[in-house]
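Encoded as structure tokens, the structure appears first; notes follow it.
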Amino acid sequence: MSTFELRQHLDNLRSERAVAEAAGLAGNDVYMHDLDDEYEMCRHAYIGAAVTEIASFRGQLFGRPQG
Numbered sequence: 004m005s006t007f008e009l010r011q012h013l014d015n016l017r018s019e020r021a022v023a024e025a026a027g028l029a030g031n032d033v034y035m036h037d038l039d040d041e042y043e044m045c046r047h048a049y050i051g052a053a054v055t056e057i058a059s060f061r062g063q064l065f066g067r068p069q070g
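In structure tokens form, the structure reads like this:
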């Protein structure tokens with residue numbers, strides 16, 4: 004997934020959590036825990052993808068670090 008797609012997925016998971024809470028599912032521990040786990044996995048993937056993307060852009064602009 005691209006950084007953009009991961010960010011969209013994070014936004015969708017946040018929205019899903021808000022809808023679930025509004026629908027009274029906050030007490031469904033299994034569902035909420037699964038949703039939280041998926042959010043955290045996606046968040047870590049997003050951070051990794053963003054750092055990689057920044058490093059790639061930096062490399063394109065300034066070349067590889069020497070030394």
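Residue 50 in our numbering sits at position 47 of the sequence shown; the count goes up by one each step and never skips.
The C-beta atom is built at its ideal place from N, Cα and C for all residues, glycine as well.
Classify Leu9: buried if its beta carbon has 16 or more other beta carbons within 10 angstroms, exposed otherwise. buried
For Thr6 versus Ala53, is the C-beta spacing smaller than 8 Å? At the C-beta level, Thr6 and Ala53 come within 8 Å of one another.
Taking the alpha helix (DSSP H) that Ser18 belongs to, which residues open and close that run? From DSSP, the alpha helix (DSSP H) with Ser18 extends over 6 to 25.
Are the CB atoms of Ala23 and Ala29 within a distance shorter than 8 Å? yes
Does the distance between the C-beta of Thr6 and the nearest non-hydrogen atom of the ligand MG fall short of 7 Å? Although the ligand MG was asked about, the structure shown includes no ligands whatsoever.
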